[in-house]
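*Asks:*
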Amino acid sequence: MSEILPIWDPNACVLRDEILSGSLSESELALNLSAVIKGIAKAPYDNPKSFFEATYQTQSMKEIISDVSGRLSGSKPNVNPIILLDVGFGGGKTHTLVTLYYAAKHESIPEVNSFLEGNVAPSNTRVVALSGDEYGGEGIKRDNIQIKTIWGDMFFQLGKYDQFKKLDQEYLLPSLQDLRDAFDGSPVLILLDELPSYMKVVQDKEYLLDKSIQFIQRLVIAISEKEDAILTVAVAENTYKLEATKTKEAIVSAQKQAMAEATAHIKRKEKP
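As numbered in numbering that gives the first Met the number 0, residues 0 to 271 make up the sequence shown, in order.
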């Protein structure tokens with residue numbers, strides 16, 4: 000009798016116990032960036048050690064980690080400073096954002112460092128994580144402060160809220176120079192998730208919706224100008240398709256403008 004061969008090589012892919020037992024539900028696979036930031040995510044997503052132990056590092060993830068850390072450290076200055084993760088539900092976009100979040104926040108943990116294979120961000124990197132599904136009609140409350148806009152939340156996480164409080168409380172669109180001033184100093188990593196969800200929340204306030212789109216465009220330009228800054232945006236069209244399209248169009252438009260300005264700057268420098 001011929002030997003029955005297994006359908007997979009058990010040494011090549013070791014399945015976790017919850018997979019083999021069938022006890023893992025689809026809901027447990029759902030990952031939420033805001034839950035991770037608040038420290039209320041379910042295991043194994045609730046801490047960097049268990050997260051990286053449960054995460055398989057794909058080739059694309061390796062490349063993103065390398066590009067992000069390289070841009071922030073200055074070792075890869077020519078990396079595109081804007082990363083757009085345009086995939087559907089279950090495509091791993093939020094998983095990638097959480098990977099970058101934990102990598103930048105906990106690069107000194109041995110298990111994290113080992114997973115990153117030396118591609119670590121500078122220890123003084125400022126990390127801003129904005130998740131559109133966190134916001135309500137009145138914004139979001141942090142440390143008993145009612146923050147009204149997505150840019151106000153960004154300033155808060157940068158530790159610059161007092162300096163730019165008026166822009167948030169009076170719904171004033173930050174200028175490009177405001178963003179440059181806020182980013183001045185140490186490296187900056189900005190993670191944007193569920194942005195179409197935020198656009199959906201503010202759609203009834205047309206003045207705020209228009210300003211939010213303009214803010215994203217200026218954010219792209221300001222990040223592109225800073226040599227040690229990078230913006231990673233996750234956008235999916237599964238829900239809020241119109242808002243997702245607007246978000247992507249705003250980002251692409253701003254990228255083109257940033258490239259045009261950079262090219263013009265180089266030409267000016269080359270003139271005798």
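Glycine included, every Cβ here is placed at the ideal spot set by N, Cα and C.
All values reported here derive from a predicted model rather than from experimental measurement.
Are the Cβ atoms of H94 and P47 separated by less than 8 Å?
*Replies:* Start at 1 with the first residue of the sequence shown, and residue 94 comes out as number 95. Start at 1 with the first residue of the sequence shown, and residue 47 comes out as number 48. Cβ atoms of H94 and P47: not closer than 8 Å.
*Asks:* Mind checking which residues open and close the alpha helix (DSSP H) that includes Q156?
*Replies:* Position 157 of the sequence shown, counting from 1, holds the residue named residue 156. 149-156 is the extent of the alpha helix (DSSP H) around Q156.
*Asks:* From what residue to what residue does the beta strand (DSSP E) around D192 run?
*Replies:* Taking the sequence shown and counting its residues from 1, the one referred to as residue 192 is at position 193. Looking at the DSSP string, the run of the beta strand (DSSP E) that includes D192 is 187-192.
*Asks:* Do you know how far the Cα of F114 is from the Cα of Q56?
*Replies:* What you label residue 56 is simply residue 57 of the sequence shown in a count that begins at 1. What you label residue 114 is simply residue 115 of the sequence shown in a count that begins at 1. Whole-angstrom Cα-Cα distance: 8 Å.
*Asks:* Rounded C-beta distance between R217 and L175? I'm assuming under 8 Å.
*Replies:* For the purposes of this step, residue 217 is taken as residue 218 along the sequence shown, with counting starting at 1. For the purposes of this step, residue 175 is taken as residue 176 along the sequence shown, with counting starting at 1. Contact holds; Cβ gap of about 5 Å.
*Asks:* Rounded to the nearest angstrom, how far is the Cβ of A102 from that of A128, given a contact under 8 Å?
*Replies:* Here residue 102 refers to the residue found at position 103 of the sequence shown. Here residue 128 refers to the residue found at position 129 of the sequence shown. Contact flag wrong, Cβ pair sits at about 12 Å.
*Asks:* Less than 8 Å separating the beta-carbons of L83 and V187?
*Replies:* The residue you call residue 83 lines up with position 84 of the sequence shown. The residue you call residue 187 lines up with position 188 of the sequence shown. Not closer than 8 Å, so no.
*Asks:* Going by DSSP, what residue range makes up the beta strand (DSSP E) through V234?
*Replies:* As a first step, residue 234 is located in the sequence shown; it is residue number 235 there, counting from the start. Element bounds for V234: 228-234.
*Asks:* Span of the alpha helix (DSSP H) holding D276?
*Replies:* No answer is possible for residue 276: it lies beyond the span of the chain, which begins at 0 and ends at 271.
*Asks:* A53 to P43, Cα distance in whole Å?
*Replies:* As a first step, residue 53 is located in the sequence shown; it is residue number 54 there, counting from the start. As a first step, residue 43 is located in the sequence shown; it is residue number 44 there, counting from the start. Roughly 7 Å between the two C-alpha positions.
*Asks:* If S33 sits next to D132, beta carbons under 8 Å apart, how far is it from one beta carbon to the other, in whole angstroms?
*Replies:* Here residue 33 refers to the residue found at position 34 when the sequence shown is read from its first residue. Here residue 132 refers to the residue found at position 133 when the sequence shown is read from its first residue. Contact flag correct, Cβ pair sits at about 6 Å.
*Asks:* One question on the structure: do I222 and V67 come within less than 8 Å of each other, judged by their Cβ atoms?
*Replies:* Translated into the one-based positions of the sequence shown, residue 222 becomes position 223. Translated into the one-based positions of the sequence shown, residue 67 becomes position 68. Not closer than 8 Å, so no.
*Asks:* By the three-class DSSP mapping on this structure, what secondary structure does A273 have?
*Replies:* Lying outside 0 to 271, the shown extent of the chain, residue 273 is not represented and no answer is given.
*Asks:* Give the straight-line distance between the Cα atoms of K199 and I64, rounded to the nearest whole angstrom.
*Replies:* The residue given as residue 199 occupies position 200 in the sequence shown. The residue given as residue 64 occupies position 65 in the sequence shown. C-alpha separation (whole angstroms): 30 Å.
*Asks:* Pick out the complete alpha helix (DSSP H) segments inside the segment 39-80, 4 residues or longer, and give them in chain order.
*Replies:* 47-52, 58-72
*Asks:* Measure from the alpha carbon of Y100 to the alpha carbon of each residue in I139, Q168, N31, then state which is nearest.
*Replies:* Against the sequence shown, residue 100 aligns to sequence position 101. The residue with the shortest Cα to Cα distance from Y100 is N31.
*Asks:* Pull the bridge partners of D183 from the DSSP assignment, please.
*Replies:* As a first step, residue 183 is located in the sequence shown; it is residue number 184 there, counting from the start. Answer by DSSP bridge pairing: none, since D183 is not bridged.
*Asks:* Measuring alpha carbon to alpha carbon, tell me which residue in I149, F182, V219 is nearest E193.
*Replies:* Looking up residue 193 in the sequence shown gives position 194. For the residues I149, F182, V219, the minimum Cα distance to E193 belongs to I149.
*Asks:* Kindly give me the distance between the Cβ atoms of L207 and Y170, rounded to whole angstroms, as I take these residues to be in contact under 8 Å.
*Replies:* Position 208 of the sequence shown, counting from 1, holds the residue named residue 207. Position 171 of the sequence shown, counting from 1, holds the residue named residue 170. About 6 Å; that satisfies the 8 Å criterion.
*Asks:* Just list the residues that DSSP pairs V126 with in beta bridges.
*Replies:* In the sequence shown, residue 126 corresponds to position 127, counting from 1. In DSSP, V126 forms a bridge with L188.
*Asks:* Count the other CB atoms within 10 Å of the CB of G117; is the residue buried (16 or more) or exposed (fewer)?
*Replies:* Sequence index remark: in the sequence shown, residue 117 carries index 118 (1-based). So G117 counts as exposed.
*Asks:* Label S122 either buried or exposed according to how many other C-beta atoms from any shown protein chain fall within 10 Å of its C-beta, with 16 as the threshold for buried.
*Replies:* By 1-based counting over the sequence shown, the position of residue 122 is 123. The residue in question, S122, is exposed, as its Cβ has fewer than 16 Cβ neighbours within 10 Å.
*Asks:* Exposed or buried, T130, counting other C-beta atoms within 10 Å across all chains shown (16 or more means buried)?
*Replies:* Along the sequence shown, one-based indexing puts residue 130 at 131. The residue you asked about is not Thr; residue 130 is Ser in the sequence shown. The residue in question, S130, is buried, as its Cβ has 16 or more Cβ neighbours within 10 Å.
*Asks:* What does the Cβ neighbour count give for D177, buried or exposed, with the cut at 16 atoms within 10 Å?
*Replies:* The residue given as residue 177 occupies position 178 in the sequence shown. Counting Cβ neighbours within 10 Å, D177 comes out buried, since at least 16 surround it.
*Asks:* Buried or exposed: which applies to K92, given that a residue is buried once 16 or more other Cβ atoms fall within 10 Å of its Cβ?
*Replies:* The count along the sequence shown starts at 1 and reaches residue 92 at position 93. That one is buried.
*Asks:* At what residues does the beta strand (DSSP E) containing I108 begin and finish?
*Replies:* Position 109 of the sequence shown, counted from the first residue, corresponds to residue 108. I108: not part of any beta strand (DSSP E); DSSP gives it neither H nor E.
*Asks:* Is it buried or exposed, G158, if we count other Cβ atoms within 10 angstroms and call 16 or more buried?
*Replies:* The count along the sequence shown starts at 1 and reaches residue 158 at position 159. Classification for G158: exposed.
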